[in-house]
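Just so you know, the protein sequences line up as chains H and D, in that order. Following our numbering, the numbering of the first sequence begins with 28 at its first residue and continues without gaps. Following our numbering, the numbering of the second sequence begins with 942 at its first residue and continues without gaps. Glycine included, every Cβ here is placed at the ideal spot set by N, Cα and C.
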Amino acid sequence: MKIMRFIRWTTFLMAAAALLLGITRVASASTTSSGTGWVRLAHLSPNTPAVDVYLYSFGDPSAELVLHHVGYGTVSPYEALAAGEYTVAMRAAGAAASTKPVLSASLTVAPGGAYTVAGLGPESGLRLEVLQDQLTDPPGKAQVRFIQASLQQHEVTVTWDGKPTVTNLAFGSVSSYQVVSPATATLHAAGESESVNSTITLAAGTVHTVVILDGSKALVLDNLLDAAGSDGVPAGAAATGLGGTAPRVPSPLPWLYLIAAGLLLTMVGGLGVRLVPRQRGRHAR
Amino acid sequence: MAVVLALIAIVALGAGVTGVIIGRAARSPSVPAAAAGAPAATRGEAASWIAGQVAASAIVACDPAMCAALHADGLPATRLLVLGTATADPLGSDVVVATLAVRNQFGTRLQSVYAPVVIASFGTGTGRIDIRAIAPDGTAAYQAAVAADRRSRISAGSQLLRNPRIIVAADARNALSAGDVDPRLLMMLAALANEQQVRITAFGDPSPGASPVVPLRSVEIAALGPGAEAEASLRSMLSFIDAQRQPFQPLRAVLVGSSALTVEYAAPSPLGLLGSP
């Protein structure tokens, strides 16, 4: 009987410890998450071949992010990265293994910050620009900014719902975010010889980046949703540390599993503890 | 067509005038060394340093005698902005060679308005020659950028010190944590450490008399591991460094035997390469 009691109490204590440990580790993981930012990469240089892009962490070699074969018009999903400093390097996609990446820019990822690292300009003057992305809106409003990535049209003017929004935006440049009233309306972008219309919904609480691209025949608009809602997390961001291309922020899932295990053990242990007096009672009778 | 020809003519005329001024300064006894206020030896030292250490893309502002010395040291006339007596300011250049003549010409405005930071200095007294970095947007903006850059370098250096693949000697550790290391070196070291372990033995700066705010532009990396393996590791780093383009292409990157690699970037150090911490 003493042995059984010992086993039951040990089970109960282990379950409680597991539960406690789980909670503690989740708290710790949450803290880590708060030290996370988000980065997406955009190839917006029309005459530059596809590239592989590397982000090297200053402090943690395991936090490297690599995106392969990023071609013109490609904008990657947001990837979670631990806050800190990164060196950005590029290499022609498909280059020989002996070809070394070329350092191009640096990126400081702040906790909760979101960034677009965009390759802009013509191939001869390709530059990587780090754009700070907005994640929240003024109440009841939407925000939109424009990236002019058309080499065919040197300057583009954009109207939203018939009103001029950006005038003569030069190739390779980025407008600031503009606060607009939510609506579904026509976005019209016109260059010297080409124009394009697109019906776009800018809902309240959303933040958009619209990229003006050279299409095969005419201008093309790529409407990117930077953020939706007020949670301060970019739209479509890869869950912290899961998916994507490289090790990043630790996933909370193991700790959730640990909690589940803890709860299960607690239930089993508790059930055992509760059953004992009944059995005793039965025996006593 | 006419416009193109006119532009070519203007450029040719400008280059010709510069060449004539430099040529005269080099030959004419009317501009003796003493008139420029610096002994020939000091001027020669300054000219050699500029020719060997200043970025090949940098425009150098100088008085006629100094420009002649620089031209003799291999700087093409297109990189020289000759400061005649009627020149209002040294703006348009990247560095200015502050001889006595130049100091007299611009007075206190040289330091307070155009070029607040000395990146190297030679000689003493009135014969002293300071090489100063130009502040194109004014001293206040430049000083703010210098301070911001230092904060970024402190943050980046501290992160490199936490990198398990970077081993740092004590003095070099102090330089990293104090933000004394050139941002190009910091970015390059982060990339190298992604590939392999890096042992930093020292940071240095071949800039005599430089202001304390001027970062260290060179690094010595020691080999890790036994003989052939260590050399292969250094050669791999060298090949990575050699592949870089401006502004990350160093002035020099050489193997020291099979035991070390030294990398040196050109002056002046660029500001704003690193993001704000």
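Taking the alpha carbon of residue i as the point to measure from, which residue in the options has its own alpha carbon closest?
i: D/D1112; options: D/V1160, D/F1063, D/R1176, D/L1215; result: D/V1160
i: D/A1169; options: D/P1156, D/S1200, D/R1020; result: D/S1200
i: H/V26; options: H/L134, H/Y83, H/A132, H/P104; result: Given a span of 28 to 312 for chain H in the structure shown, any question on residue 26 of chain H remains unanswerable.
i: D/G1216; options: H/Y142, H/D241, H/V80, H/A120; result: H/Y142
i: D/G1068; options: D/A1042, D/L1051, D/R1092; result: D/A1042
i: D/A1171; options: D/Q1190, D/Q1137, D/A1029; result: D/Q1137
i: H/R154; options: H/A230, H/A255, H/R67, H/S131; result: H/S131
i: D/R1106; options: H/R67, H/S89, H/D253, H/G111; result: H/S89
i: D/L1024; options: D/R1176, D/D1014, D/T1040; result: D/T1040
i: D/L1188; options: H/A116, H/G62, H/V102; result: What sits at residue 1188 of chain D in the sequence shown is Pro, not Leu. Nearest C-alpha to D/P1188: H/A116.
i: H/R67; options: H/A169, H/G167, H/T101; result: H/T101
With a cut-off of 8 angstroms, does the C-beta of residue i fall near any C-beta of chain D?
i: H/V129; result: yes
i: H/T58; result: Only weak support is given to the placement of H/T58: the predicted model assigns it a pLDDT of 32, under 50, and the question is left unresolved by the model.
i: H/D87; result: yes
i: H/L214; result: no
i: H/G271; result: With a pLDDT of 33 at H/G271, under the threshold of 50, the modelled position of that residue is not reliable, and the figure given next carries that caveat. No - not a single Cβ of chain D is within 8 angstroms of the one on H/G271.
i: H/A116; result: yes
i: H/S133; result: yes
i: H/E91; result: yes
i: H/E112; result: yes
i: H/V66; result: no
Decide if residue i is buried, meaning its Cβ has at least 16 other Cβ atoms within 10 Å, or exposed.
i: D/E1205; result: buried
i: D/G1064; result: buried
i: D/M942; result: Interpretation of D/M942 is limited by its pLDDT of 48, a score under 50 that renders its predicted location unreliable; no figure is taken from the coordinates.
i: H/G270; result: Residue confidence is low: H/G270 scores 29 on pLDDT, short of 50, so the model does not pin down where it sits. Its coordinate-derived value is still stated next. Counting Cβ neighbours within 10 Å, H/G270 comes out exposed, since fewer than 16 surround it.
i: D/P1195; result: A quick correction: the sequence has Val, not Pro, at residue 1195 of chain D. Exposed.
i: H/H95; result: exposed
i: H/V206; result: exposed
i: D/R1186; result: exposed
i: D/Q994; result: buried
i: D/R1197; result: The residue asked about is misnamed: residue 1197 of chain D is Val in this sequence, not Arg. It is exposed - the Cβ of D/V1197 has fewer than 16 other Cβ atoms within 10 Å.
i: D/A1119; result: exposed
i: H/T114; result: buried
i: H/T192; result: buried
i: H/T213; result: exposed
i: H/S151; result: exposed
i: D/A1013; result: exposed
i: H/E219; result: exposed
i: H/N195; result: exposed
Measure from the C-beta of residue i to each C-beta in chain H and report whether the shortest distance is under 8 angstroms.
i: D/Y1206; result: no
i: D/S1217; result: yes
i: D/M1178; result: no
i: D/R1106; result: yes
i: D/A1134; result: yes
i: D/S998; result: no
i: D/S1159; result: no
i: D/R1092; result: no
i: D/F1189; result: yes
i: D/R1186; result: yes
i: D/F1181; result: yes
For the beta strand (DSSP E) that residue i lies in, which residues bound it at each end?
i: D/N1045; result: Note, D/N1045: premise wrong, no beta strand (DSSP E); alpha helix (DSSP H) at 1041-1047.
i: H/T101; result: H/T101 -> no beta strand (DSSP E), and no H or E assigned at all.
i: H/I174; result: 169-176
i: H/A141; result: 141-147
i: H/A132; result: 129-136
i: H/G64; result: 63-70
i: D/F1063; result: 1058-1063
i: H/Q205; result: 205-207
i: H/H181; result: No beta strand (DSSP E) holds H/H181; DSSP gives it neither H nor E.
i: H/A123; result: Looking at the DSSP string, H/A123 is not in any beta strand (DSSP E), and its letter there is neither H nor E.
With a threshold of 7 angstroms, establish whether the CB of residue i neighbours any heavy atom of the ligand FMN.
i: H/E221; result: Annotation note on the ligand FMN: not contained in the displayed structure, which lists no ligands.
Looking at the unbroken alpha helix (DSSP H) that takes in residue i, where does it start and where does it end?
i: D/D1090; result: 1080-1103
i: H/N195; result: Taken as a continuous stretch (DSSP letters only), H/N195 belongs to no alpha helix (DSSP H), being part of the beta strand (DSSP E) at 190-197.
i: H/F85; result: Taken as a continuous stretch (DSSP letters only), H/F85 belongs to no alpha helix (DSSP H), as it is neither H nor E.
i: D/R1125; result: 1124-1136
i: D/S1177; result: 1168-1183
i: D/R1114; result: 1111-1118
i: H/A116; result: From DSSP, H/A116 is part of no alpha helix (DSSP H) but of the beta strand (DSSP E) over 111-119.
i: D/I991; result: 981-994
i: D/L1011; result: 1005-1013
The stretch 1079-1091 of chain D / the stretch 1054-1071 of chain D touching (three or more Cβ pairs under 8 angstroms): Taking a cut-off of 8 angstroms for Cβ pairs, the stretch 1079-1091 of chain D and the stretch 1054-1071 of chain D touch, as three or more such pairs fall below it.
Are the stretch 63-80 of chain H and the stretch 136-154 of chain H in contact at 8 angstroms, needing three or more beta carbon pairs? Of all C-beta pairs linking the stretch 63-80 of chain H to the stretch 136-154 of chain H, three or more are shorter than 8 angstroms, placing the two stretches in contact.
May I ask you to verify whether the stretch 1120-1129 of chain D touches the stretch 1149-1160 of chain D, counting CB pairs closer than 8 angstroms and requiring at least 3? Yes: the two stretches touch, three or more of their Cβ pairs being nearer than 8 angstroms.
Looking at C-beta atoms only, is the number of pairs between the stretch 984-1003 of chain D and the stretch 1025-1038 of chain D that lie closer than 8 angstroms three or more? Contact holds between the stretch 984-1003 of chain D and the stretch 1025-1038 of chain D, because three or more Cβ pairs, one in each stretch, are under 8 angstroms apart.
Count the CB pairs spanning the stretch 199-213 of chain H and the stretch 165-174 of chain H that are closer than 8 angstroms, and state whether there are at least three. Taking a contact to require three or more Cβ pairs closer than 8 angstroms, the stretch 199-213 of chain H and the stretch 165-174 of chain H qualify as touching.
Three Cβ pairs or more, each shorter than 8 angstroms: is that satisfied between the stretch 1141-1156 of chain D and the stretch 1172-1185 of chain D? Taking 8 angstroms as the limit for Cβ pairs, the verdict is that the stretch 1172-1185 of chain D does not touch the stretch 1141-1156 of chain D.
Measuring CB atoms only, is the stretch 74-90 of chain H touching the stretch 181-191 of chain H, in the sense that at least three cross pairs come out at less than 8 angstroms? No, the stretch 74-90 of chain H does not touch the stretch 181-191 of chain H.
Is the number of C-beta pairs between the stretch 130-137 of chain H and the stretch 188-202 of chain H that are closer than 8 angstroms three or more? With the cut-off at 8 angstroms, the stretch 130-137 of chain H and the stretch 188-202 of chain H do not touch.
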